[in-house]
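Participant: Quick mapping for you: the protein sequence lines, in order, are chains A and B.
Just so you know, we're using the working numbering here: the first sequence kicks off at 1 and counts up by one.
Just so you know, we're using the working numbering here: the second sequence kicks off at 1 and counts up by one.
Built from N, CA and C at the ideal position, the CB exists for glycine as well.
Bear in mind that the values here come from a model prediction, so they are computed numbers and not experimental data.
Quick one: this structure, given as structure tokens, is what I'll be asking you about.
2 protein chains.
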Amino acid sequence: MFSKACEYALKIMIYLSSVQSEGRLAGLKEVASSIDSPEAFTAKILQQLVRANLLQSLRGPNGGFRVVDRPITMLEVVNAIDGDRIIRGCVLGLDECSSVHPCPAHNNFVVIREQLKGVLVNTQLADLKDGVISGNSFLKV
Amino acid sequence: MFSKACEYALKIMIYLSSVQSEGRLAGLKEVASSIDSPEAFTAKILQQLVRANLLQSLRGPNGGFRVVDRPITMLEVVNAIDGDRIIRGCVLGLDECSSVHPCPAHNNFVVIREQLKGVLVNTQLADLKDGVISGNSFLKV
DNA sequence: AGATATTAAGACCTTTTTATCCTTTATTAA
DNA sequence: TTAATAAAGGATAAAAAGGTCTTAATATCT
Numbered sequence: 001m002f003s004k005a006c007e008y009a010l011k012i013m014i015y016l017s018s019v020q021s022e023g024r025l026a027g028l029k030e031v032a033s034s035i036d037s038p039e040a041f042t043a044k045i046l047q048q049l050v051r052a053n054l055l056q057s058l059r060g061p062n063g064g065f066r067v068v069d070r071p072i073t074m075l076e077v078v079n080a081i082d083g084d085r086i087i088r089g090c091v092l093g094l095d096e097c098s099s100v101h102p103c104p105a106h107n108n109f110v111v112i113r114e115q116l117k118g119v120l121v122n123t124q125l126a127d128l129k130d131g132v133i134s135g136n137s138f139l140k141v
Numbered sequence: 001m002f003s004k005a006c007e008y009a010l011k012i013m014i015y016l017s018s019v020q021s022e023g024r025l026a027g028l029k030e031v032a033s034s035i036d037s038p039e040a041f042t043a044k045i046l047q048q049l050v051r052a053n054l055l056q057s058l059r060g061p062n063g064g065f066r067v068v069d070r071p072i073t074m075l076e077v078v079n080a081i082d083g084d085r086i087i088r089g090c091v092l093g094l095d096e097c098s099s100v101h102p103c104p105a106h107n108n109f110v111v112i113r114e115q116l117k118g119v120l121v122n123t124q125l126a127d128l129k130d131g132v133i134s135g136n137s138f139l140k141v
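Structural data, given as structure tokens:
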């Protein structure tokens, strides 16, 4: 559904949100080990998220990453990494697929796509981090 | 959502279903040009579909491919090419993700996944081919 | 039987995605 | 001002996905 990079990005954002609730930052090493992701690859994704203005980075000793101070939806994170293919793209891969020029499955998926978009728009990192903090959900196996 | 190969597979199956309604077969060349897919890659996917018992192939002149004679759901085609990751896989990529050990987004996606599964199970190739035959939907741009 | 049309199978190439390494630059604290 | 720490970025490697090409096998027609 999402690319690997996007899966990591969501876990990164959720983890950093939970760290933020404790009023501190987390560095690359801590992030990578907490979500069980390869460090160097994680660094690249962190940079993408910084460039997308979803994170701020602070260098030097006691530095690390911080989630920007506003509500962030899942959709923003997904868009930053995977673009809008999940929302816009045709199920059967047609370049042009709309109600006026639909692929055979178009109508069968309209409702699913709407629902998916709804979830991505309405789910905020703040909602997801709570489960992690309370120990009800997990970022790694 | 689906792999490229799976998108092609669905279009192949839909096209062959529509051809079958005319009481004839279609060969590789015709299939590939009708769904606008690379011929050699299409050949590979056709073979996979034959091995998965969704198609029969007939060699020799006037040969081609034929959809097996029973109702086939979208899910069967997707499973044959992409496996069950779309149904089973975790949104955030956890190896273990279930109601007892959920990822932070697990519950937000349960309903979507159910709905998606429903569409895949309940939509048959026969339903999709009708739109193509009547000219209401399209397999290429 | 021979010629031809057709699929089967698999080796091979290309591009994209994922992952890693290593050097540079910036920041802070002592 | 220096040592330690941390992010940034370039280069590249490994793996997966996507795609191509060649050869072999098979069925049909003449």
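1. Tell me whether the beta-carbon of LEU139(B) lies closer than 8 Å to the beta-carbon of ILE14(B).
2. Which residues bound the alpha helix (DSSP H) around LEU46(A)?
3. In the stretch 6–39 of chain B, which residues sit with their C-beta less than 8 Å from some C-beta in chain A, listed in chain order?
4. I'd like to know if the stretch 22–36 of chain B and the stretch 58–68 of chain B are in contact, where contact means that at least 3 CB-CB pairs between them fall below 8 Å.
5. For GLY60(A), which of helix, strand or coil comes out of DSSP?
6. State the start and end residues of the unbroken alpha helix (DSSP H) segment that holds MET74(A).
7. Could you pull the start and end residues of the alpha helix (DSSP H) that GLY145(A) belongs to?
8. Any idea if ILE133(A) is buried or exposed, counting beta-carbon neighbours within 10 angstroms, 16 or more meaning buried?
9. At a CB distance below 8 Å, what residues from the stretch 76–92 of chain A approach chain B? Give them in sequence order.
10. Could you tell me whether the stretch 69–77 of chain A touches the stretch 118–125 of chain A, where touching means 3 or more Cβ pairs closer than 8 Å?
11. Residues of chain B with CB under 7 Å from LEU46(A), in chain order?
12. Could you compute how far the alpha carbon of VAL100(A) sits from the alpha carbon of ILE12(A)?
13. Would you report the Cα separation of VAL78(A) and PRO61(B), rounded to the nearest angstrom?
14. Out of GLY93(B), PRO102(B) and LYS129(B), which has the shortest C-alpha to C-alpha gap to LEU10(A)?
15. Using 8 Å as the threshold, is the C-beta distance between ALA52(B) and ALA80(B) below it?
16. Taking CB distances under 8 Å as the criterion, tell me whether VAL67(B) reaches chain A.
17. On the DSSP letters alone, give me the boundaries of the alpha helix (DSSP H) that ALA105(A) sits inside.
18. Is the beta carbon of GLY131(A) less than 8 Å from the beta carbon of PRO104(B)?
19. Counting only the same chain and skipping the five closest in sequence on each side, list residues whose C-beta sits under 7 Å from that of CYS97(B).
20. Have a look at LEU16(A), GLU30(A), SER34(A) and LYS29(A) and flag the residue whose alpha-carbon is nearest the alpha-carbon of VAL141(A).
21. Could you check if LEU128(A) is buried or exposed, using at least 16 other CB atoms within 10 Å of its CB as the buried criterion?
22. Whole angstroms is fine: what's the gap from ARG113(A)'s alpha carbon to ARG88(B)'s?
23. Measure the alpha-carbon distance for GLY41(B) versus LYS29(B) and round it to whole angstroms.
24. Tell me whether VAL67(A) sits in a helix, a strand or coil according to DSSP, three-state version.
Facilitator: Inspection of the coordinates gives the following:
1. A Cβ-Cβ contact shorter than 8 Å links LEU139(B) with ILE14(B).
2. Looking at the DSSP string, the run of the alpha helix (DSSP H) that includes LEU46(A) is 39–51.
3. Cβ contacts with chain A: GLU7, TYR8, LEU10, LYS11 and ILE14.
4. Using a C-beta cut-off of 8 Å, the stretch 22–36 of chain B makes contact with the stretch 58–68 of chain B, since at least three inter-stretch Cβ pairs fall below that distance.
5. Reduced to three states, the DSSP call for GLY60(A) is coil.
6. Its alpha helix (DSSP H) spans residues 74–82.
7. Outside the shown range of chain A (1 to 141) lies residue 145(A), about which nothing can therefore be said.
8. By the 10 Å Cβ count, ILE133(A) comes out exposed.
9. Result list: ILE86, GLY89, VAL91 and LEU92.
10. Three or more Cβ pairs drawn from the stretch 69–77 of chain A and the stretch 118–125 of chain A lie within less than 8 Å of each other, which places the two stretches in contact.
11. Those do not exist, as LEU46(A) stays about 17 Å from chain B at its closest Cβ, beyond 7 Å.
12. For VAL100(A) and ILE12(A), the distance between alpha carbons rounds to 40 Å.
13. Taking the straight line from one Cα to the other gives about 50 Å.
14. The candidate whose alpha carbon is nearest that of LEU10(A) is GLY93(B).
15. ALA52(B) is a Cβ neighbour of ALA80(B), given a cutoff of 8 Å.
16. No, because no Cβ of chain A sits closer than 8 Å to the Cβ of VAL67(B).
17. For ALA105(A), there is no enclosing alpha helix (DSSP H), as DSSP gives it neither H nor E.
18. Going by C-beta atoms, GLY131(A) is nearer than 8 Å to PRO104(B).
19. Excluding five sequence positions before and after CYS97(B), the CB atoms of its chain that fall closer than 7 Å to its own CB belong to CYS90, CYS103 and HIS106, given in chain order.
20. If we check each option's Cα against that of VAL141(A), SER34(A) comes out closest.
21. With 16 or more other Cβ atoms within 10 Å, it is buried.
22. Taking the straight line from one Cα to the other gives about 19 Å.
23. Just to set this straight, residue 41(B) is Phe in the shown sequence, not Gly. Those two C-alpha atoms are separated by around 12 Å.
24. Residue state for VAL67(A) is assigned as strand, using DSSP reduced to three classes.
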